[in-house]
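Below is one structure, written out as structure tokens; comments come after it.
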Amino acid sequence: MSNSDFRDQLYARRQDRIDSFTFDERVAAVFSDMISRSVPGYASIIGMIGIMARKHALAGSNLYDLGCSLGAATVSMGREIADRDCRLIAVDNAQAMLQKAGEQFSLHDLPSVEAVCSDIRDVDISNASVVVLNFTLQFLALDERLPLLQKIRAGMLDEGVLILSEKIAGEDEQEDALLVELHHAFKRANGYTDLEISQKRAALEEVLVPETIAMHKRRLHEAGFKRVDLWFQCFNFVSFIARP
Ligand code: GEK
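If you count the sequence shown from 1, position 188 lands on 189 in this note's numbering, and the numbers rise without skipping.
Take a look at the structure:
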């Protein structure tokens, strides 16, 4: 296969009907290229998740990567905590993604990873020192977000951290328009055409529902996290570190 086989061209041709976005084989095949050309700061976030795991992972505890896709955050954490007796649990409900994640784990020689094909709403969270939701919560229905965060909080050690990354909405119309415009400029600079940008946007319309930073902070507090800090923002992509 040539490199171009892995380039995301899923929305390059005009489509008469845009189906809702799903994480199928076609997406799994190009996912690395898609996320790095679509999410500003993705590589930095992945790297920093490893750094944060190194700081917070406790020996004998569990580390969760919920909605792991191809397992980039798990690999980043695994590299940083190789010397510790921790269990890494990578969860995704898309079989096509999880299969490729498994290949990554063997490639990086991460023996203690458990790859679980499940809905994150159904997995048991316990003895957790690090929980990662890296651009996953945004795919749950609004009323399912708080119960998931409450479950995570309940399964977390008092010294634990939740790293929550999300695509966000601006606090008002003007800020939102600015952030969206800058994000689209980022995608254009990475080779996506206006057609690709608008067709992908339509496919994600009802699937990915962004919320404001204020809404996320409020909900994290409601779920029982006492400290919530924003450690990353680039345009409409942010990441929080939340602590009990
Ligand atoms: C990364 N974290 O590269 N249960 C399990 N998995 C789910 C669910 C659910 N209810 N809903 C969505 N997913 C990754 C990137 S991508 C983000 C995360 C994006 C999974 C879905 O199958 C997909 O693999 C992932 O969450 C979202 O660090 O594509 O924008």
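Cβ coordinates follow ideal geometry from the N, Cα and C atoms, glycine included. What you are looking at is a predicted structure, and each value in this text was computed from that prediction instead of being measured.
Report task. Check whether the Cβ atoms of Leu141 and Ile169 lie closer than 9 Å to each other. Result -> no
**Report entry** Element boundaries [beta strand (DSSP E), containing Ser130]
**Finding:** Ala129 to Asn135
Query raised in the report: For Phe176, which residues of its own chain have a beta-carbon under 6 Å away from its beta-carbon, when the five flanking residues on both sides are left out?
Result: First, the amino acid is wrong: residue 176 is Glu here, not Phe. For Glu176, where only same-chain residues beyond five positions count, there are no Cβ hits under 6 Å.
Query raised in the report: Touch check for the stretch 32-39 and the stretch 50-60: three-plus C-beta pairs under 8 Å?
Result: no
Query raised in the report: Does the beta-carbon distance from Glu212 to Glu167 come in below 9 Å?
Result: yes
Requested in this report: Entirely within the stretch 130-216 and at least 3 residues each: give me those beta strand (DSSP E) ranges in chain order.
Outcome: 157-168
Query - C-beta contact flag for Leu147 and Arg220 at 9 Å - result: yes
Query raised in the report: DSSP state of Ile50, grouped into three classes?
Result: helix
Query raised in the report: Within 8 Å: the Cβ of Gln234 and any heavy atom of ligand 1?
Result: no
Query raised in the report: Taking buried to mean at least 16 other C-beta atoms within 10 Å of its own C-beta, is Ser127 buried or exposed?
Result: exposed
Report task. Check whether the Cβ of Gln105 sits closer than 8 Å to any heavy atom of ligand 1, and report yes or no. Result -> no
Query raised in the report: Pick from Ala203, Leu71 and Ala129: whose alpha carbon is nearest that of Tyr65?
Result: Ala129
Requested in this report: Locate the alpha helix (DSSP H) running through Phe32, then write down its first and last residues.
Outcome: Glu26 to Ser39
Report task. Could you work out which residue in Glu174, Val208, Ile164 and Ala95 is closest to Pro245 when comparing CA atoms only? Result -> Ile164
Query raised in the report: Less than 8 Å between the CB of Gly68 and some heavy atom of ligand 1, yes or no?
Result: yes
Query raised in the report: What are the uninterrupted segments assigned as beta strand (DSSP E) that are 3 or more residues long and contained completely in the stretch 41-100, given in chain order?
Result: 63-67 and 88-93
Query raised in the report: Do you know whose CA, among Val132, Asp123, Ala155 and Val133, lies nearest Glu145's CA?
Result: Asp123
Query raised in the report: On the premise that Ala116 lies in contact with Ala97, defined as a C-beta separation below 8 Å, what is that separation, rounded to the nearest angstrom?
Result: No, Ala97 and Ala116 are not in contact; Cβ-Cβ is about 13 Å, not under 8 Å.
Requested in this report: Below 7 Å CB to CB, which residues in the same chain sit around Val208 once its five sequence neighbours on both sides are set aside?
Outcome: Ser21, Phe22 and Phe140
Report task. Answer yes or no: does any C-beta atom of chain B fall closer than 9 Å to that of Ala30? Result -> Absence of chain B from the displayed structure is noted, only one protein chain being present.
Query raised in the report: Grouping DSSP H, G and I as helix and E and B as strand, with all else coil, what is Gln105?
Result: helix
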